[in-house]
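Colleague: Structure incoming, see below.
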Amino acid sequence: MTFITTVILYFKFFTILGTVDVSLADSSKEKWKQIPTQLRLVEDLLETYDKKSKPTWNNNDPVNVTFSMDLYQILELNEPQQYILLNAWIIESWYDEFLFWNPLAYDNISEIRLPHENIWLPDTTLYNSLVMKDDDTRRLLNAKLTTIPEKKAVHIQLLYPTIYKFSCLLNLKYFPFDTQVCTMVFSSWTYDKEGIDYYPKSENIGTTNYLENEGWYLIKATSKRIEKKYKCCPNKYAILHLTFFLRRKPLFYLVNLIIPTSIITLIALVGFFTTSSASGEREEKVSLGITTLLSMSILMLMVSDQMPTTSTFIPLIGWFILGMIIIISMGTLASSVIITVQKKGHIGERLSKGVVNVLTILAKISFTYIPLHLQEGTPEYDEAPPLKLAYRTSAKLQRDLSSLNKLFEENSLYNKSQSCDINDDSIEKINLDKLSDEKNIDKFNKNFDLHMNNYESVSKSTTMPIIDRNISHSFVNSYVPFAESEITTERSDSNTLNTPNLNREKRDNITTLDAENLETFNKNLRISRRLAIKEYEWFATVLERLCFIIFVSFFFIITIGLNAVGYYFWNKEYHDILNGGNYTQKI
């Protein structure tokens, strides 16, 4: 009885327990039916998924990653540091075999989105990036998962915005008429071609939403896949080259550098080689040259701040400003030479006939006037005094009379009151009061005969109404002191010679110099000095005009030539890129 009762009790217990399990299972099924299908799908997918593993059933199969970029804006192209800062939208897509699901089991759901940290991601790296921290370069969000039953895999798309800062070796040879080619190099850092294989989605980078840069024009942007073998690794790497072809907009540099530099240089040249001021002074032109050079130095400093520090080449604009500096420097030097030529006329030396002939030809070429006294057939030409012979003779007379004065002072035979005035400016007074012996008296008589013969020739030459124009138009620099003086004579009863030892005829010749001839001679000296000033002023004017023509010609050659060369290559490279030519830039 007891045994039977025990069996009955166990039977009832298990019967009740089974009923409870069935009810619990039924309630569990009802509860599970209330969970959203998408949540159930996510939980099923991630239940056994490991994001650290490459998502292929066969480990030898690579993951093919398709890469595309949509350029949004070029923020900066820095020439001194040679980098580009740009904003772009990136799309990476690949197949994940571990995340596949059957859409029929999940209410035909074929697409979901998961956070990027929950799935496997390719370690796509910008090789020439200047930013090492990935979070500062791109912002990763959710990934889009689409199941593909035919391939038994899930297609994943990872879309994210980026701000890339990458190095670009700029070719500034034709700056500011330059075209730049900058390339972004993408690939996996840890997987070679056997692990991850990259492919560009299109040969061109998307520019639908591109915002135009103020300083650069985007000609074309292309993408290309290459395979590269590194020494460190046994297999090749699949690398993507995204290349941007940029052409600079030179208007800013034309308006702020080239045109101001050209205007400053042209004004400086006009200031250097225009006619002197009303006072006849040209010294201020040197100050103008120094001031202009300082301005050029400031402009050169502005250009150097835009250029990378390099000694391999000089930019086109550097050649331009350097050419302007050389022109201004040479113009300042030429102005100093012209000032020297002009000042030479104040010492009374007139131009030689050979120099006048050459300057006459140059004056016609440079459209410069010729002084009237140098033009044959004019009254001024006929009235001009003799140029060389008379001055040479008179200068010799000056030296001889000066030596006589020294002789008289050394011998001291006459009193100071018994002197003879020959020349107030150069000779002063010849004292005859201290002659001491017959030897010195004979020496004086011999020299005086020579002096008087010279003076007679001078007197005759200065009274001739018609002048021989075959005489050269100059006299030697050593005769200059005489050109600035005049020979005068004064008759005075107190200055008569009363020396019994001297020949009376010679003493009478001293006191009877022809005053009329001396007056004509002195007048010709004054006229010749004024003519010398005019001639050297004309000489300086001819040089100024010639230098102006030469320097302005070089100015236009440099200004137009260098800018034309820059524009030619600027335009040629543009058409080569558009036509798919072999335009490449060394990187």
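Going letter by letter, the sequence shown gives residues -25 to -1, 1 to 562 in mature numbering (1 follows the signal peptide of the UniProt record, and there is no 0). Backbone N, C-alpha and C fix where the C-beta goes; we use that ideal spot for every residue, glycine too.
With a 10 Å radius around its C-beta and 16 neighbouring C-beta atoms as the bar for buried, classify K168 as buried or exposed.
Modeller: What you label residue 168 is simply residue 193 of the sequence shown in a count that begins at 1. So K168 ends up on the buried side.
Colleague: Among L537, D551, D45, F342, which has the Cα closest to the Cα of G181?
Modeller: Within the sequence shown, numbered from 1, the residue matching residue 181 stands at position 206. For G181, the nearest C-alpha among the options comes from D45.
Colleague: Mark Q13 as exposed unless 16 or more other C-beta atoms lie within 10 angstroms of its C-beta, in which case mark it buried.
Modeller: As a working mapping, residue 13 is identified with position 38 in the sequence shown. Its Cβ having fewer than 16 others within 10 Å, Q13 is exposed.
Colleague: Closer than 6 Å by C-beta to K119: which residues in its own chain qualify, once you throw out the five before and the five after it? Chain order, please.
Modeller: Mapped onto the sequence shown, residue 119 falls at position 144. Taken in chain order, the residues that qualify are R88, Q132.
Colleague: Apart from the five residues on each side of it in sequence, which residues of its chain come closer than 6 Å, Cβ to Cβ, to F73?
Modeller: Here the question's residue 73 lines up with position 98 in the sequence shown. The residues are Y24, P30.
Colleague: Can you give me the C-alpha to C-alpha distance between A515 and E324, rounded to a whole angstrom?
Modeller: In the sequence shown, residue 515 corresponds to position 540, counting from 1. In the sequence shown, residue 324 corresponds to position 349, counting from 1. If I take the Cα positions, the gap works out to 14 Å.
Colleague: Pick out the complete beta strand (DSSP E) segments inside the segment 78 to 125, 3 residues or longer, and give them in chain order.
Modeller: Within the segment 78 to 125, the complete beta strand (DSSP E) runs of at least 3 residues are 86 to 90, 99 to 101, 117 to 123.
Colleague: Tell me whether I94 is buried or exposed, calling it buried when 16 or more other Cβ atoms sit within 10 Å of its Cβ.
Modeller: By one-based count along the sequence shown, residue 94 stands at place 119. Flag for I94 reads buried.
Colleague: Per DSSP, which one or two residues make a beta bridge with W64?
Modeller: The residue labelled residue 64 in the question sits at position 89 within the sequence shown. Paired residue(s): D45, P136.
Colleague: Please list, in chain order, all residues of the same chain as S162 whose beta carbon is under 7 Å from its beta carbon, the five residues on each side excluded.
Modeller: In the sequence shown, the residue the question calls residue 162 occupies position 187. Contacts found: T100, Y102, Y173, Y212, A213, I214, L215.
Colleague: Where does C208 land, buried or exposed, given buried means 16+ other C-beta within 10 angstroms?
Modeller: Mapped onto the sequence shown, residue 208 falls at position 233. C208 comes out exposed.
Colleague: Is there a Cβ of chain C sitting closer than 7 Å to that of F42, yes or no?
Modeller: You won't find chain C in this structure, because it holds only one protein chain.
Colleague: Following the continuous beta strand (DSSP E) through L217, name the residue where it begins and the one where it ends.
Modeller: Looking up residue 217 in the sequence shown gives position 242. From DSSP, the beta strand (DSSP E) with L217 extends over 211 to 223.
Colleague: Under a Cβ-count criterion, where at least 16 other Cβ atoms within 10 Å of its own Cβ denotes burial, should E548 be classed as buried or exposed?
Modeller: In the sequence shown, residue 548 corresponds to position 573, counting from 1. Classification of E548: buried, given that the 10 Å Cβ count is 16 or more.
Colleague: Do you know how far the Cα of N33 is from the Cα of E54?
Modeller: For the purposes of this step, residue 54 is identified with residue 79 of the sequence shown, where counting begins at 1. For the purposes of this step, residue 33 is identified with residue 58 of the sequence shown, where counting begins at 1. So the alpha carbons of these two residues sit roughly 48 Å apart.
Colleague: Excluding the 5 residues preceding and the 5 following F141 in the sequence, name in chain order all residues of the same chain whose CB lies nearer than 7 Å to its CB.
Modeller: Translated into the one-based positions of the sequence shown, residue 141 becomes position 166. Correct list, in chain order: Y58, I59, L101, N103, S104, L105, M159.
Colleague: Measure the beta-carbon distance from L229 to W191 and round it to whole angstroms, keeping in mind my assumption that it falls under 8 Å.
Modeller: What you label residue 229 is simply residue 254 of the sequence shown in a count that begins at 1. What you label residue 191 is simply residue 216 of the sequence shown in a count that begins at 1. So it is not a contact: roughly 15 Å between Cβ atoms.
Colleague: When the Cα of P136 is compared with those of K27, N62, T266, N117, which residue comes out closest?
Modeller: Residue mapping note: residue 136 aligns to position 161 of the sequence shown, counting from 1. Of K27, N62, T266, N117, the residue nearest in Cα terms is N62.
Colleague: Could you please give me the residues that DSSP links to Q155 through a beta bridge?
Modeller: Residue numbering aside, residue 155 sits at position 180 when the sequence shown is read from its first letter. In DSSP, Q155 forms a bridge with L221.
Colleague: How many angstroms separate the CA atom of P90 from the CA atom of E178?
Modeller: Taking the first residue of the sequence shown as position 1, residue 90 is located at position 115. Taking the first residue of the sequence shown as position 1, residue 178 is located at position 203. P90 and E178: Cα-Cα distance of roughly 30 Å.
Colleague: If you drop the 5 nearest sequence neighbours on each side, which residues of the same chain put their C-beta closer than 7 Å to that of F75?
Modeller: In the sequence shown, residue 75 corresponds to position 100, counting from 1. Around F75: T122, K127, A128, V129.
Colleague: Between T41 and D98, how many whole angstroms is the CB-CB distance? I'm expecting something under 8 Å.
Modeller: In the sequence shown, residue 41 corresponds to position 66, counting from 1. In the sequence shown, residue 98 corresponds to position 123, counting from 1. Not really, about 16 Å apart at Cβ, beyond 8 Å.
Colleague: Under three-state DSSP, which class holds E18?
Modeller: As a first step, residue 18 is located in the sequence shown; it is residue number 43 there, counting from the start. Helix.
Colleague: How should Y511 be labelled, buried or exposed, when 16 other C-beta atoms within 10 angstroms of its C-beta is the threshold for buried?
Modeller: Counting from one through the sequence shown, the residue named residue 511 turns up at place 536. With 16 or more Cβ atoms within 10 Å of its Cβ, Y511 is classed as buried.
Colleague: Helix, strand or coil for Y542, going by three-state DSSP, please let me know.
Modeller: In the sequence shown, residue 542 corresponds to position 567, counting from 1. Of the three classes helix, strand and coil, the one that applies to Y542 here is helix, per DSSP.
Colleague: How long is the line joining the alpha carbons of N538 and L241, rounded to whole angstroms?
Modeller: Within the sequence shown, numbered from 1, the residue matching residue 538 stands at position 563. Within the sequence shown, numbered from 1, the residue matching residue 241 stands at position 266. Taking the straight line from one Cα to the other gives about 16 Å.
Colleague: Excluding the 5 residues flanking W545 on each side, which residues of the same chain have their C-beta closer than 6 Å to its C-beta?
Modeller: As a position in the sequence shown, residue 545 is number 570, starting the count at 1. Result list for W545: F152, in chain order.
Colleague: From N146 to S528, what distance separates their C-alpha atoms?
Modeller: Looking up residue 146 in the sequence shown gives position 171. Looking up residue 528 in the sequence shown gives position 553. The alpha-carbon atoms of N146 and S528 are separated by roughly 31 Å.
Colleague: Assuming L268 contacts I303 (C-beta within less than 8 Å), just tell me the rounded distance between them.
Modeller: Your numbering for residue 268 matches position 293 in the sequence shown. Your numbering for residue 303 matches position 328 in the sequence shown. Rounded, the Cβ-Cβ distance is 6 Å, consistent with contact.
Colleague: Quick check on the DSSP output: the beta strand (DSSP E) that includes P175 runs from which residue to which?
Modeller: Locating residue 175 in the sequence shown gives position 200, counting from the first residue. Looking at the DSSP string, the run of the beta strand (DSSP E) that includes P175 is 171 to 175.
Colleague: If you draw a straight line from the C-alpha of P456 to the C-alpha of I525, how long is it?
Modeller: What you label residue 456 is simply residue 481 of the sequence shown in a count that begins at 1. What you label residue 525 is simply residue 550 of the sequence shown in a count that begins at 1. Below a pLDDT of 50, predicted positions are generally treated as unreliable, and P456, at 37, falls in that range; the measurement from the model is reported next regardless. The straight-line gap from Cα to Cα measures roughly 38 Å.
Colleague: Applying the 10 Å Cβ sphere with the 16-neighbour rule, what's the burial state of V451?
Modeller: Here residue 451 corresponds to residue number 476 of the sequence shown, with the count starting at 1. The predicted model places V451 with a pLDDT of 34, which falls under 50 and marks its position as unreliable; any figure quoted below should be read in that light. Counting Cβ neighbours within 10 Å, V451 comes out exposed, since fewer than 16 surround it.
Colleague: Go ahead and pull the three-state DSSP assignment for K319.
Modeller: Your numbering for residue 319 matches position 344 in the sequence shown. K319: helix per DSSP, three-state reduction.
Colleague: Beta-carbon within less than 8 Å of P78's beta-carbon, same chain only, minus the 5 sequence neighbours each way: which residues are those?
Modeller: What you label residue 78 is simply residue 103 of the sequence shown in a count that begins at 1. Around P78: I84, S85, T122, P124.
Colleague: Can you say whether A80 is buried or exposed, counting buried as having 16 or more other CB atoms within 10 angstroms of its CB?
Modeller: Within the sequence shown, the letter at position 105 stands for residue 80. By the neighbour-count rule (16 or more Cβ atoms within 10 Å), A80 is not buried but exposed.
Colleague: If you follow the beta strand (DSSP E) that S237 is in, where does it begin and where does it stop?
Modeller: Working through the sequence shown from its first residue, we reach residue 237 at position 262. Where S237 is concerned, there is no enclosing beta strand (DSSP E), although the alpha helix (DSSP H) it sits in stretches over 234 to 248.
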